[in-house]
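One structure below.
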Amino acid sequence: MEQEQEATTPHECLTEVIEATRSYENGRVKALRGVSLRIEDGEFVAIIGSSGSGKTTLLQLLGGLDTPTSGEVKFRDKALSEMGDLSTYRAEKVGFVFQSFHLLPTLTACENVQLPMVESPLSMRKREERAIFLLKEVGLADRTHHRPTELSGGERQRVAIARSLANKPDLLLADEPTGNLDCKSTAMVMELLTRLHRENGMTLVLVTHDLSTAAHAERCIEMSDGVVVKETTNPAAR
Amino acid sequence: MRLWTIVSRNLCTRRMRTALTVLGIAVGMMAVISLMGLARGFENNWNQTLNARGTDAVVNRITTGNPIPGPFSQKFAHEIAQMPGIEASGKVLSSLMPVEHLPMVLVTSWEWESYIWDHLEIVEGRKQHDGTELAAMLGKTAAQMLNKKVGDTLKVIGTEVTVCGIYESTSMVEAGAILISLDVMQAHTDNEEKINFMNLRFEEDIDKARGRAICQEIEANHNGLSASLANEAADHHSTTKAVKGMTLAVTLLAMIVGLASVMNTMLMSVFERTVEIGVLRAIGWRAARIRKMILLEATLLGVAGGILGVLLGFLARELLYLLPTIGGTIRIEIGVDAVLSTIFFATVVGALSGLYPAIRASRMNPTVAFRHQ
Numbered sequence: 012m013e014q015e016q017e018a019t020t021p022h023e024c025l026t027e028v029i030e031a032t033r034s035y036e037n038g039r040v041k042a043l044r045g046v047s048l049r050i051e052d053g054e055f056v057a058i059i060g061s062s063g064s065g066k067t068t069l070l071q072l073l074g075g076l077d078t079p080t081s082g083e084v085k086f087r088d089k090a091l092s093e094m095g096d097l098s099t100y101r102a103e104k105v106g107f108v109f110q111s112f113h114l115l116p117t118l119t120a121c122e123n124v125q126l127p128m129v130e131s132p133l134s135m136r137k138r139e140e141r142a143i144f145l146l147k148e149v150g151l152a153d154r155t156h157h158r159p160t161e162l163s164g165g166e167r168q169r170v171a172i173a174r175s176l177a178n179k180p181d182l183l184l185a186d187e188p189t190g191n192l193d194c195k196s197t198a199m200v201m202e203l204l205t206r207l208h209r210e211n212g213m214t215l216v217l218v219t220h221d222l223s224t225a226a227h228a229e230r231c232i233e234m235s236d237g238v239v240v241k242e243t244t245n246p247a248a249r
Numbered sequence: 004m005r006l007w008t009i010v011s012r013n014l015c016t017r018r019m020r021t022a023l024t025v026l027g028i029a030v031g032m033m034a035v036i037s038l039m040g041l042a043r044g045f046e047n048n049w050n051q052t053l054n055a056r057g058t059d060a061v062v063n064r065i066t067t068g069n070p071i072p073g074p075f076s077q078k079f080a081h082e083i084a085q086m087p088g089i090e091a092s093g094k095v096l097s098s099l100m101p102v103e104h105l106p107m108v109l110v111t112s113w114e115w116e117s118y119i120w121d122h123l124e125i126v127e128g129r130k131q132h133d134g135t136e137l138a139a140m141l142g143k144t145a146a147q148m149l150n151k152k153v154g155d156t157l158k159v160i161g162t163e164v165t166v167c168g169i170y171e172s173t174s175m176v177e178a179g180a181i182l183i184s185l186d187v188m189q190a191h192t193d194n195e196e197k198i199n200f201m202n203l204r205f206e207e208d209i210d211k212a213r214g215r216a217i218c219q220e221i222e223a224n225h226n227g228l229s230a231s232l233a234n235e236a237a238d239h240h241s242t243t244k245a246v247k248g249m250t251l252a253v254t255l256l257a258m259i260v261g262l263a264s265v266m267n268t269m270l271m272s273v274f275e276r277t278v279e280i281g282v283l284r285a286i287g288w289r290a291a292r293i294r295k296m297i298l299l300e301a302t303l304l305g306v307a308g309g310i311l312g313v314l315l316g317f318l319a320r321e322l323l324y325l326l327p328t329i330g331g332t333i334r335i336e337i338g339v340d341a342v343l344s345t346i347f348f349a350t351v352v353g354a355l356s357g358l359y360p361a362i363r364a365s366r367m368n369p370t371v372a373f374r375h376q
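See below:
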C-alpha cells in the first residue's frame, strides 16, 4: 500500500476494520483479502476503485449488512460480531444512501423518511415532524407528499439522504450516491453531503468510481482486487 | 406512519392480484357459510315442524345419506304406542318425488285421525273426508309452486288425486308439502304396512330425562330404530348429518384452497419486493417487524376474503330464494355466530398462509437482496 501523505488523526476512532476478508462461493471468490482501515469520528472518506475491487463489500462490512469471513469490524471499539442482532446498530448508528435510491414506491417522500424511525420510541407525530424537518434540510419542503415516481432522480436521492439521517446516525455510508444522476443533480447531492458533513460533523464514507466525486473527501482510499492499494489525503477538503 | 400504512399500500398497489386472492378465499367462505346456514335452516325447520305438531319425540329407522329415512314395519308402531308415558302417536310415511313440473316435492302422509292433523289451519277447501279418500291437501307454498287450487287434479304417487284443501302451517317443510292420508300413500307406493316416521306425544308429567329414557327403551327393544327427543331429533336426522358433513368437507377444501391462494400471493409479493425488504433490513428494521408486516398483509387478505365471502353468502341465498323450485322449500339461516366464525376462520387461514412467506422474508440477507435487482 502506498502512503502518499501522512493522515492526521484529529478525532477518536469511530470505526475500524481489522484484517477483514470476505469470500463467497466456498472461498472461490475473494471480495476482500485482508483489509485494515480506521475511520475517525467526523471524517469524510472516499473509497474508490474499479468494479469488483471490493469497495462495496467493504462498505457493507462497515454498515453491518454483511460479516467478514475472517477479521473484525469494530464500532467505537466494540466488535460488531459481539453486538448480536445488527438491526439496532444499523438503525441507530448508521445511515445508508444507495445508488438506486431504494425508496418504497408506495410511500410518499415523508413516509419514506420515516421508515428507519419505525423502530424508534418517538411518537408518530414526532416522527412526522422530523421527516418534514429533514426534507426541508435537503431542500424538498414542497415535495413531502410526493411519491418517488413523481420526483426527479436528484430529488429521489435527496429523499434517500433525508431517510439516512432520520435516526441521527454517527456514520453515513453512501454507495455510489451519484451513480444514477446527471451532472446537475450530482453536484447538488455532493454539495448536500459535504454540507451535512461540515455543518453536523457527520462521519461520511462514500464509495465511488468517479474521481471528481471522490475529490470532495478529506481522505481517499483506493482499492483493487480486494485490497487497499493507495491512501491519499486532501487537505483542501477540510 | 404506522405499519398498517405500508401494509395497506402494498395490497392496494397490486390491486388485481389482491382482488383475485380475496375472491378466491371469498368463494370458499361463501360455500362454507351457505352450508352452515343450510344445516341451521334444516335443523330449525325440523324443530319448528315437530313443535307445530306438538310432538315430543320421533322414531325412525337408522339410515345415512338419505334425507328421508327408509321405511320400517308399522307393527313396531303399535308396540311403541302402548308404552307407558306415551299419550298419543302418529305414523308418517313421507317421500321426496317429482310432481308435475317440480323436480322434488315432499309428499307426506299421516295416520288418519292422529293428533298430527290437529295443528293444520285449513284456509281453503276441506280436509279429506276419511282416511281412504284419494284426495290431497296442499300446503300454501306447494299450492303456489304447483299453481293449483281447490278442485284441481294433481298427478302424484302414480295416480290422479283431487286437491281438496289448502292449509297453512308454521312449518316451512309442511307449507311446501302435499299431504295425503297414510292408507292412500301406503297403497299407492308399495309400502303396505310401512312407515318411516313415528311421532310421539308424551304424557304431561314426563320430563326430559324420563323422555330420554323412553327413547332409549325404544331403541333397546327395536333394533335398527332410532328414537330422539323432538328438540334433539334434527341433530340426529340424516339430512342434518349429511349437510354438516358436507360443511366440514367444504370447510377443509376452502381452507386448502385459501391457504394455497394466499401463500402463493404472499410468496410472489415477497419475491417481487426482495430489494424493498432488503432495504428495510438495511435501514434497521428487525426481522420480527418484517415478519409482522407480511403476516399482517396475509391476515388482511383473509379478513377481506371472509367478509366478502359472508356478503356473497347472503347474496347467494337471496338468489336461491328467487328460484321457485328452491325458494319455498329450503331455508338458509345465517346467524351472527356463522358470520363471525366464517370471518374468524378466513382470518386464521390468511394468517397461517402468511407464516412461511413471512419467515422467508425475515431471513433475507440485505446484501443478497440487493443482488436481486
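Chains A and B, in that order, are what the protein sequence lines are. In the working numbering, each number is its position in the first sequence, counted from 1, plus 11. In the working numbering, each number is its position in the second sequence, counted from 1, plus 3. By construction, the Cβ of each residue, glycine as well, lies at the ideal position given by its N, Cα and C atoms.
- Chain-order list of chain A residues neighbouring P72 (chain B): empty, with the shortest C-beta distance near 60 angstroms, by a criterion of under 8 angstroms.
- Counting of Cβ neighbours within 10 angstroms places R206 (chain A) among the exposed residues, the total staying below 16.
- Note that the C-beta distance between M4 (chain B) and L176 (chain A) is not below 9 angstroms.
- Look at F373 (chain B): its C-beta is under 9 angstroms from a C-beta on chain A.
- Contact annotation, I217 (chain B) with G88 (chain B): C-beta distance approximately 5 angstroms; criterion of less than 8 angstroms satisfied.
- 9 angstroms or more divides the Cβ of C194 (chain A) from the Cβ of A57 (chain A).
- Taking P101 (chain B) as the centre and dropping the five residues before and after it, the same chain places the C-beta of M107, V108 closer than 8 angstroms to its C-beta, in chain order.
- Sequence-distant partners of A55 (chain B) (beyond 5 residues in either direction) whose C-beta falls short of 8 angstroms from its own C-beta, in its chain, are H122, S172, T173, S174, E177.
- Inter-segment contact for the stretch 149 to 159 of chain A and the stretch 85 to 95 of chain A is absent: fewer than three beta-carbon pairs are separated by less than 8 angstroms.
- Listed as beta-bridge partners of D186 (chain A) by DSSP are A:V218.
- Using beta-carbon distances, F109 (chain A) counts as an interface residue toward chain B, with a partner under 9 angstroms.
- G227 (chain B) places its beta carbon 9 angstroms or farther from that of I71 (chain B).
- Here N202 (chain B) is bridged, per DSSP, to B:V61, B:G93.
- The residue from B:F200, B:L303, B:P360 with its alpha-carbon nearest to that of C15 (chain B) is B:L303.
- Take T58 (chain B), set aside five residues on each side of it, and the residues of its chain with a beta-carbon closer than 7 angstroms to its own are N202, L203, R204, A233, in chain order.
- Per the coordinates, the alpha-carbon of N13 (chain B) lies some 9 angstroms from the alpha-carbon of L118 (chain A).
- Contact between M234 (chain A) and G65 (chain A) holds: CB atoms are separated by about 5 angstroms, below the 8 angstroms threshold.
- Flagged as an interface residue toward chain A: L283 (chain B), by a C-beta distance shorter than 9 angstroms.
- For chain B, the residues of the stretch 125 to 136 of chain A that bring a beta carbon within less than 8 angstroms of one of its beta carbons are Q125, L126, P127, V129, E130, M135, in chain order.
- Listed as beta-bridge partners of S175 (chain A) by DSSP are no residues whatsoever.
- By the rule that beta-carbons nearer than 9 angstroms mark a contact, P360 (chain B) does not touch chain A.
- Residue-level contact by beta carbon fails for I333 (chain B) and chain A, as no gap is shorter than 9 angstroms.
- Counting along the chain, Y170 (chain B) sits inside the beta strand (DSSP E) bounded by residues 162 to 171.
- Taking a contact as a CB-CB distance under 8 angstroms, the pair G45 (chain A) and G82 (chain A) counts as one, their CB atoms being some 7 angstroms apart.
- When the five nearest sequence neighbours on each side are left out, the beta carbons in the same chain lying within less than 7 angstroms of the beta carbon of S231 (chain B) are those of A60, V61, C218, H239, in order along the chain.
- The CB of L6 (chain B) comes closer than 9 angstroms to the CB of V129 in chain A, given here in chain order.
- L72 (chain A) is a Cβ neighbour of A31 (chain A), given a cutoff of 9 angstroms.
- Residue range 238 to 244 is occupied by the beta strand (DSSP E) that includes V239 (chain A).
- Using a C-beta cut-off of 8 angstroms, the stretch 183 to 196 of chain B makes no contact with the stretch 338 to 349 of chain B, since fewer than three inter-stretch Cβ pairs fall below that distance.
- Not a single CB atom of chain B sits nearer than 9 angstroms to the CB of L151 (chain A).
- The Cβ of R12 (chain B) sits closer than 9 angstroms to at least one Cβ of chain A.
- Within the DSSP bridge table, the entry for Y35 (chain A) names A:V40 as partners.
- The bridge partners DSSP lists for L182 (chain B) are B:T111, B:M140.
- Three or more beta-carbon pairs separated by less than 8 angstroms are not found between the stretch 217 to 228 of chain A and the stretch 130 to 149 of chain A, which leaves the two stretches without contact.
- A distance of 9 angstroms or more separates the beta carbons of Y170 (chain B) and K151 (chain B).
- Contact note: H113 (chain A) reaches chain B through V278, V282, using a C-beta cutoff of 7 angstroms and chain order.
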